[in-house]
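Q:
In the working numbering, the protein residues as written are 2 to 256.
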């Protein structure tokens, strides 16, 4: 995969990417997202219903369809971060990265030495893309991204130090959890004025550090606000929600 065709290259070139969010356990949803016009699909292994095997098959479907595969791992599941990259994911999003130590652990599993300690042997990625193992290895640290989720007051307070971690490519805001944790568990308000101001500050600091700013968007309005705030990588459109809404609209025609 050439630099200008990989997701990392597009983002570093200043493109804005909107990714679908896949939570259902079948590669067919990745195929449908691609047919619908999405170029990137984020597989949610933290809260979604996908197993690692289903994520593997979805990643292959995404690559074969000409799209970009992103994977959100479970909390502290760094070993599967390496495995998902080996399978062919281009981006790993890791939740609950609250400190420099957490960020360094993510980099350790996502980057090859000397940046990290990822083990050599990306069989799935090389088979799916048709590149040799040596060619994949030579450019993997540039063409794959390690992204830390910022979703707690601890992470927000440590943001600039986290962004300074060598090998970390960017951040991804979880706006629901950020509002929940900042309020001490009292509110889930991802688009309140206070939440939006915090999100804007995070984007500005991330861009100032020369890194990629990403966010989960909860509505079309939030998507537009996030773009204006400086976010380059945004997720919007979840398979389960889209299907339920479309089904409800179709069913209502019977009334």
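Idealized CB from N, CA, C, for every residue including glycine.
Please classify residue 118 as buried or exposed, where buried requires at least 16 other C-beta atoms within 10 Å of its C-beta.
A: exposed
Q: To the nearest angstrom, report how far apart residue 7 and residue 20 are at their CA atoms.
A: 14 Å
Q: If I measure Cβ to Cβ from residue 232 and keep anything under 7 Å in the same chain, skipping five residues before and after, which residues do I get?
A: 204, 214, 215, 216
Q: What does the alpha-carbon distance come out to for the pair residue 116 and residue 149?
A: 16 Å
Q: Name the DSSP beta bridge partners of residue 235, please?
A: 19, 216
Q: Mind the definition here: the region 123-131 touches the region 179-198 only if three or more C-beta pairs lie below 8 Å; say whether that holds.
A: no
Q: Please tell me whether residue 70 and residue 98 are closer than 8 Å, where the distance is taken between their beta carbons.
A: It is not a contact, given that the beta carbons lie outside the stated cut-off.
Q: With distances taken from CA atoms, which of 86, 125, 124, 126 is nearest residue 109?
A: Here the closest residue by C-alpha is 86.
Q: Of the residues 222, 48, 27, 161, which one's Cα is nearest the Cα of residue 63?
A: 27
Q: Using DSSP bridges, identify the partner residues of residue 125.
A: Answer is none; residue 125 lacks a bridge partner.
Q: If the criterion is Cβ atoms closer than 8 Å, does the pair residue 23 and residue 240 meet it?
A: yes
Q: Could you have a look at residue 1 and say whether DSSP puts it in helix, strand or coil?
A: Nothing can be reported for residue 1: it is not among the residues displayed for the chain, which extend from 2 to 256.
Q: Can you name, in chain order, every residue of its own chain whose Cβ lies under 7 Å from the Cβ of residue 66, other than the five neighbours on each side?
A: 32, 35
Q: Indicate whether residue 142 and residue 113 have their beta-carbon atoms separated by less than 8 Å.
A: Going by C-beta atoms, residue 142 is nearer than 8 Å to residue 113.
Q: Quick check: what's the CA-CA separation for residue 185 versus residue 153?
A: When only Cα atoms are considered, residue 185 and residue 153 end up about 10 Å apart.
Q: For residue 200, count neighbouring C-beta atoms within 10 Å of its own C-beta (all shown protein chains included) and say buried if the count is 16 or more, exposed if not.
A: buried
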